[in-house]
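See structure below.
Numbering (the working numbering), first residue to last: 33 to 485.
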């Protein structure tokens with residue numbers, strides 16, 4: 033019988049049930065000593081007689097408890113109570129990517145949202161791989177989306193329930209798919225051969241395809257057909273499903289390669305290729321969009337709205353590309369910005385000496401910049417400027433030209449406060465991009481080390 037509100041289990045007080053399935057029940061609970069809520073998962077009674085399963089359950093809980101990452105649902109404790117095994121983990125207020133897809137009624141999520149989700153999950157997977165762990169079951173329902181003001185603020189990878197050390201391949205066969213879901217499983221996982229992090233990359237790419245198109249990679253009611261297609265069939269081109277996203281084709285083609293050796297080395301490389309392909313696709317649309325040519329040359333771009341739908345997001349990105357083309361006098365691709373030096377971009381007076389065509393850099397909001405007044409474009413597609421932060425006098429990349437407004441984002445009491453200077457940069461990034469503090473710190477660190485791309 034399910035637990036009711038107010039019931040106490042292993043010291044935890046039940047607030048409400050979050051879900052139930054064949055692998056157990058999950059409850060929102062009040063911690064017995066700390067002022068916080070956890071998610072409590074209780075295994076079915078019938079599993080307590082399966083000693084092999086329980087050994088695996090305890091081993092996996094111990095493995096996952098070693099992980100700490102902002103995009104991984106953390107495990108806190110495990111135990112046995114009244115003959116039932118349980119585990120507690122982070123409670124994430126929000127939804128999951130599978131439920132979000134259902135709300136789209138057969139369509140996909142906005143492309144920029146998918147890139148954010150995939151980037152966070154890719155970072156989490158690479159971290160787990162660096163610790164010697166594979167997830168083995170990446171899919172939309174295992175991606176939780178923390179929500180703030182009805183918009184998701186962070187993607188977290190959940191249910192490392194089949195996570196194992198990378199060298200442990202026992203039980204990983206297509207006939208034992210409690211260890212994975214065939215709709216997203218890599219060919220080598222279905223065949224029961226040795227796995228590494230590139231199997232998770234394949235599953236992440238299959239998940240991303242589903243999130244973008246609203247359709248699984250190889251959709252069929254018969255799992256045997258799906259398995260056969262994973263093993264032998266070429267994956268459908270995403271441009272065939274959504275022509276506007278054809279720029280993402282190379283990223284998916286590589287990440288979904290049948291042989292792991294033909295995939296990206298890391299999941300993050302796939303996420304970066306997706307982000308690059310999205311901005312390239314946006315510019316390809318903008319090249320033939322009449323609204324771009326109709327813009328007055330002095331008009332400044334609006335900031336990208338996080339609440340906009342997929343088509344409006346792409347339109348904002350392509351408008352940014354078009355405006356930048358007017359500003360610098362060349363045709364540039366958002367995120368690519370490789371100028372064609374063989375063709376003049378405008379008529380020049382005969383007496384004027386030839387000049388090099390400028391290349392607009394891809395920059396990270398909040399990172400150091402020089403010289404003051406320089407123009408760039410953020411990874412998101414927003415126009416960026418090398419502006420001055422009045423409080424410190426530092427020159428930072430910002431979506432605002434001239435002076436950087438005082439950042440409104442402040443750290444929570446539990447957040448790490450960075451050293452002076454870096455903390456200001458992080459707050460600027462969080463205020464202007466909506467990214468997390470850790471994501472901003474990483475972007476700024478990379479930007480300060482490498483400079484504009």
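Backbone N, C-alpha and C define an ideal beta-carbon position, used for all residues, glycine too. Fair warning: this is a prediction, and the values are worked out from it, not measured in the lab.
Hey, would you say residue i sits closer than 9 Å to residue j, going by beta carbons?
i           : j           : result
residue 158 : residue 229 : yes
residue 130 : residue 141 : no
residue 295 : residue 289 : yes
residue 61  : residue 72  : yes
residue 156 : residue 188 : yes
residue 96  : residue 176 : no
residue 43  : residue 64  : yes
residue 235 : residue 169 : yes
residue 398 : residue 423 : no
residue 215 : residue 166 : no
residue 51  : residue 40  : no
residue 262 : residue 227 : no
residue 47  : residue 103 : no
residue 400 : residue 480 : yes
residue 292 : residue 218 : yes
residue 90  : residue 68  : no
residue 497 : residue 274 : The structure shown does not extend to residue 497, since the chain is modelled only from 33 through 485, so no value can be given for it.
residue 20  : residue 311 : Outside the displayed range of the chain (33 to 485) lies residue 20, so it cannot be described from this structure.
residue 478 : residue 396 : yes
residue 246 : residue 283 : no
residue 443 : residue 463 : no
residue 171 : residue 213 : yes
residue 473 : residue 454 : yes
residue 178 : residue 121 : no
residue 135 : residue 108 : no
residue 83  : residue 163 : no
Applying the criterion that 16 or more other CB atoms from any shown protein chain within 10 Å of the CB defines a buried residue, is residue i buried or exposed?
i           : result
residue 416 : buried
residue 457 : buried
residue 297 : exposed
residue 408 : buried
residue 34  : exposed
residue 448 : exposed
residue 143 : buried
residue 137 : exposed
residue 100 : exposed
residue 186 : buried
residue 92  : buried
residue 220 : buried
residue 151 : buried
residue 468 : buried
residue 174 : buried
residue 112 : exposed
residue 87  : exposed
residue 258 : buried
residue 264 : exposed
residue 77  : exposed
residue 374 : The pLDDT assigned to residue 374 is 36, lower than 50, so where the model puts this residue is not dependable; a value taken from the coordinates is nonetheless given after this. Result: exposed.
According to DSSP, which residues form a beta bridge with residue i?
i           : result
residue 252 : Partner(s): none; residue 252 has no beta bridge.
residue 476 : DSSP output for residue 476 lists no bridge partner at all.
residue 427 : 420
residue 113 : 116
residue 177 : 127, 187
residue 41  : 44
residue 107 : 121
residue 394 : 409
residue 435 : 420
residue 400 : 428
So residue i and residue j are supposed to be a Cβ contact under 8 Å. How far apart are they, rounded?
i           : j           : result
residue 441 : residue 459 : 5 Å
residue 126 : residue 184 : 6 Å
residue 406 : residue 418 : 4 Å
residue 307 : residue 147 : 5 Å
residue 80  : residue 116 : 6 Å
residue 233 : residue 287 : 6 Å
Please tell me whether, using a cut-off of 8 Å, the distance from the CB of residue i to the nearest non-hydrogen atom of the ligand FAD is below it.
i           : result
residue 290 : This structure lacks the ligand FAD; in fact it carries no ligand of any kind.
Spell out whether any CB of chain C is found under 9 Å from the CB atom of residue i.
i           : result
residue 121 : Going by chain labels, chain C is absent from the structure shown, which holds only one protein chain.
Exercise. If you scan the stretch 445-470 from start to end, which runs of the alpha helix (DSSP H) of 4 or more residues do you find wholly inside it?
Worked result: 454-465
Exercise. Quick one: complete beta strand (DSSP E) runs, 3+ long, within the stretch 43-102?
Worked result: 44-53, 56-62, 69-74
Exercise. Where in the stretch 262-303 do unbroken runs of the alpha helix (DSSP H), each at least 4 residues long, occur, reported from the N-terminal end onward?
Worked result: 270-273, 281-287
Exercise. What alpha helix (DSSP H) runs, 4 residues minimum, are completely inside the stretch 138-165?
Worked result: 143-162
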